[in-house]
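Peer 1: Protein chains in written order, with our numbering: chain A, 279 to 555; chain B, 1454 to 1814.
Here it is, written out as structure tokens:
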């Protein structure tokens, strides 16, 4: 009897978590599913899902995927060498460098993005510097490039940290063993570092690709409201057009995309933990 | 005998410091072909640093490294014709046994057929035939160590560097692996440079032992010489148990310990000179009171397998460590004696030496 109560007590410790899951995850998902699968009158329909095949929506989705992909690749190309450098640098310097890269995360996301707006504007800081040294001004703001820049800047730490994390756990003796067996840096990178850091790369990619795919703030601020990503369209359905059903339907489609990409990445994550050859 | 052996590795005036600590100071060392040489010393004595300098993982602040007469000081680790067996094995966790062993051969661009043959041969050599497809994490520590050895020797290095490779194994396995290593060394006919802090390991396996402390070589020689004729108190203390007592060398072949005269075999220390006297615990002859030169009382006794170990306090108050097969009771009056050839005389470090040491450090 006593053990029974003990068990109940132990299980009851999880109750805040259960409440949180129900209120924060299950109810919102169910209500999005409800709105997404009904029309304005509350009748069941797939129309909001099929709406993704609308030409404008498909274009926005395609652009979102392309930009998210580009910014993920750029983040990876910046993060990997940096994480490798961090791994081999001395303790004190390591802390400082990590700190510098994480520092922007302490600032508000909106502020950070708006700062880029100020820098990139037609008469912004960068163009005035360019004109003072006699170079022609560049049209960067309101282009896809500006959006990619914003994505890379905002999400870079999410790539660096997981990659640095796995790299720093690789035993230095393993690397020395590879050199000892005649490997040069390229061999060590391709045959030892990369395969051993796949779990970190996978979670880094997920953590950059998913928010890049769904962002609407960055494209709003740096795209000047002229470039529509799928996030912008969903946002507008909720705010401007007040068509919650369409917005929810498109969100469901996005959710499927994200789930697919996460399952894909999860597979790499797992194989990286076990031996993958 | 050493004259006949070909010189393989030469370290010349090697100095190395990390931050402000000098780890190696003006060290010279010659390793001959086909030698099993052991660097022995307490942790922090610089032995691993020597190995890493030979392996190319550290570069000395000063001095040169020669390999077969060629200066390789600036050559990086992947270009040196030697391989290392690391302390923690350092096998590639994402590869199976076969891929681990094949790593060096693949880099060298060998044919698949050659690689396959080599893997078979190496696994047979380390008694793990048929383990090709095993995952590394499914192997025991001893097996991982053998695979690390196999991975190194398939590349046919001239020298195998071993950095405390048995440190993580349990006692029984360690002893087994010691014999295994001696066998491997014989079959391969290459030079082994072995680093350990375990004096038993060093004495069992080596052709030559180098005892190190504080970045200096304390003594170099065969295991027998190191054990029987330690050159200074550090070596005597580090290799096995010893009694190290103050003595006065009255003249050649006569030393006084605690006021008692002992004939010995050492000469050339001068007259009435203060010296350190080393007597191994197993060399002390214990008998009934009145039989030997030193009278004493048994303070403690433990049975350690083959023999008893006792502490005997003599009338002057010095506590002798004695090992023998006979059992003597605690508080029993006994006497101790030692034959002349088992008395080892060493110079005391003079104050001038100590000053030099301090300047060096």
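Virtual Cβ for every residue (Gly too), placed ideally from N, Cα, C.
Return the residues of the region 461-479 of chain A that lie within a Cβ-Cβ distance of less than 7 Å from chain B, sorted by chain order.
Peer 2: 461, 462, 465, 470, 473 and 474
Peer 1: State yes or no: is the beta carbon of residue 432 of chain A nearer than 9 Å to at least one beta carbon in chain B?
Peer 2: Position 154 of the first chain, counted from the first residue, corresponds to residue 432 of chain A. Chain B contact via Cβ: absent.
Peer 1: Using a Cβ-Cβ cutoff of 7 Å, what residues of the region 340-370 of chain A are near chain B? List them in chain order.
Peer 2: none
Peer 1: Quick one: which chain A residues come within Cβ less than 9 Å of residue 1560 of chain B?
Peer 2: Mapped onto the second chain, residue 1560 of chain B falls at position 107. Simply 456, 459, 460, 461, 462, 465 and 469.
Peer 1: Identify the contact partners of residue 1557 of chain B in chain A, using a Cβ-Cβ distance below 7 Å as the criterion.
Peer 2: Mapped onto the second chain, residue 1557 of chain B falls at position 104. Neighbours of residue 1557 of chain B on chain A, chain order: 459 and 460.
Peer 1: Just to confirm, are residue 1799 of chain B and residue 1708 of chain B a CB contact at a threshold of 9 Å?
Peer 2: Mapped onto the second chain, residue 1799 of chain B falls at position 346. Mapped onto the second chain, residue 1708 of chain B falls at position 255. Here residue 1799 of chain B is not near residue 1708 of chain B, since their CB atoms are 9 Å or more apart.
Peer 1: Return helix, strand or coil for residue 1788 of chain B, following the three-state DSSP convention.
Peer 2: Counted from its first residue, the second chain places residue 1788 of chain B at position 335. Of the three classes helix, strand and coil, the one that applies to residue 1788 of chain B here is strand, per DSSP.
Peer 1: Can you check DSSP and say which residues form a bridge with residue 1489 of chain B?
Peer 2: Here residue 1489 of chain B is taken as the residue at index 36 of the second chain, counted from 1. Beta-bridge pairing links residue 1489 of chain B to B:1645.
Peer 1: Apply the 10 Å Cβ neighbour rule to residue 1567 of chain B and answer buried if 16 or more other Cβ atoms are within range, or exposed otherwise.
Peer 2: On the second chain, position 114 is the one that residue 1567 of chain B refers to. By the 10 Å Cβ count, residue 1567 of chain B comes out exposed.
Peer 1: Leaving out the 5 sequence neighbours to the left and right, which residues in its chain are closer than 7 Å to residue 311 of chain A when beta-carbon positions are compared?
Peer 2: In the first chain, counting from the first residue as 1, residue 311 of chain A sits at position 33. Cβ neighbours of residue 311 of chain A beyond the five flanking positions: 530.
Peer 1: Where does residue 1539 of chain B land, buried or exposed, given buried means 16+ other C-beta within 10 angstroms?
Peer 2: Reading the second chain from its first residue, position 86 is the one you call residue 1539 of chain B. With 16 or more other Cβ atoms within 10 Å, it is buried.
Peer 1: Apart from the five residues on each side of it in sequence, which residues of its chain come closer than 7 Å, Cβ to Cβ, to residue 1423 of chain B?
Peer 2: There is simply no residue 1423 of chain B to check, as chain B begins at 1454 and stops at 1814 in what is shown.
Peer 1: Could you compute how far the alpha carbon of residue 335 of chain A sits from the alpha carbon of residue 436 of chain A?
Peer 2: Locating residue 335 of chain A in the first chain gives position 57, where the first residue counts as 1. Locating residue 436 of chain A in the first chain gives position 158, where the first residue counts as 1. Using only the alpha carbons, I get a separation of about 28 Å.
Peer 1: Output the distance between the C-alpha atoms of residue 344 of chain A and residue 423 of chain A, rounded to the nearest integer angstrom.
Peer 2: By 1-based counting over the first chain, the position of residue 344 of chain A is 66. By 1-based counting over the first chain, the position of residue 423 of chain A is 145. Approximately 11 Å between the Cα atoms of the pair.
Peer 1: Give the range of the beta strand (DSSP E) segment to which residue 436 of chain A is assigned.
Peer 2: As a first step, residue 436 of chain A must be located in the first chain, where it is residue number 158. First-last for residue 436 of chain A: 422-447, but that is the alpha helix (DSSP H), not the beta strand (DSSP E).
Peer 1: Determine, for residue 441 of chain A, whether the minimum Cβ-Cβ distance to residues of chain B falls below 9 Å.
Peer 2: As a position in the first chain, residue 441 of chain A is number 163, starting the count at 1. False, the Cβ-Cβ gap to chain B never drops below 9 Å.
Peer 1: Quick test of the definition: if touching needs 3 or more C-beta pairs under 8 Å, does the region 1640-1649 of chain B touch the region 1485-1503 of chain B?
Peer 2: Result yes; three or more Cβ-Cβ pairs closer than 8 Å.
Peer 1: What does the Cβ neighbour count give for residue 241 of chain A, buried or exposed, with the cut at 16 atoms within 10 Å?
Peer 2: For chain A, the structure presents residues 279 to 555; residue 241 of chain A sits outside this window and is missing.
Peer 1: Check whether the region 454-461 of chain A and the region 493-507 of chain A are in contact - that is, three or more C-beta pairs closer than 8 Å.
Peer 2: no
Peer 1: Residue ranges of each alpha helix (DSSP H) run of no fewer than 4 residues wholly in the region 1633-1713 of chain B, ordered along the chain?
Peer 2: The alpha helix (DSSP H) runs of length 4 or more contained entirely in the region 1633-1713 of chain B are, from start to end of the chain, 1652-1658, 1676-1681 and 1686-1691.
Peer 1: Where does residue 1782 of chain B land, buried or exposed, given buried means 16+ other C-beta within 10 angstroms?
Peer 2: As a first step, residue 1782 of chain B must be located in the second chain, where it is residue number 329. Label assigned to residue 1782 of chain B: exposed.
Peer 1: Quick check on DSSP: helix, strand or coil for residue 1793 of chain B?
Peer 2: On the second chain, residue 1793 of chain B is found 340 positions in, with the first residue counted as 1. Correct three-state label for residue 1793 of chain B: helix.
Peer 1: With 9 Å as the threshold, decide whether the Cβ of residue 449 of chain A is near any Cβ in chain B.
Peer 2: For this step, residue 449 of chain A is matched to residue 171 along the first chain. Taking Cβ atoms only, chain B reaches closer than 9 Å to residue 449 of chain A, which makes this a yes.
Peer 1: Comparing C-alpha positions only, which one of A:532, A:370, A:398 and A:526 sits nearest to residue 492 of chain A?
Peer 2: Indexing the first chain from 1 puts residue 492 of chain A at position 214. It is A:532 whose Cα lies nearest to the Cα of residue 492 of chain A.
Peer 1: With DSSP run on the structure shown, which of helix, strand or coil describes residue 1463 of chain B?
Peer 2: Here residue 1463 of chain B is taken as the residue at index 10 of the second chain, counted from 1. Residue 1463 of chain B falls in the strand class under three-state DSSP.
Peer 1: At a Cβ cut of 9 Å, what residues of the region 1521-1536 of chain B count as close to chain A, listed as they run along the chain?
Peer 2: 1529, 1530, 1531, 1532, 1533, 1535 and 1536
Peer 1: Using CA atoms only, rank isn't needed, just tell me which of B:1587, B:1760 and B:1751 is closest to residue 1784 of chain B.
Peer 2: As a first step, residue 1784 of chain B is located in the second chain; it is residue number 331 there, counting from the start. Ranking B:1587, B:1760 and B:1751 by Cα distance to residue 1784 of chain B puts B:1751 first.
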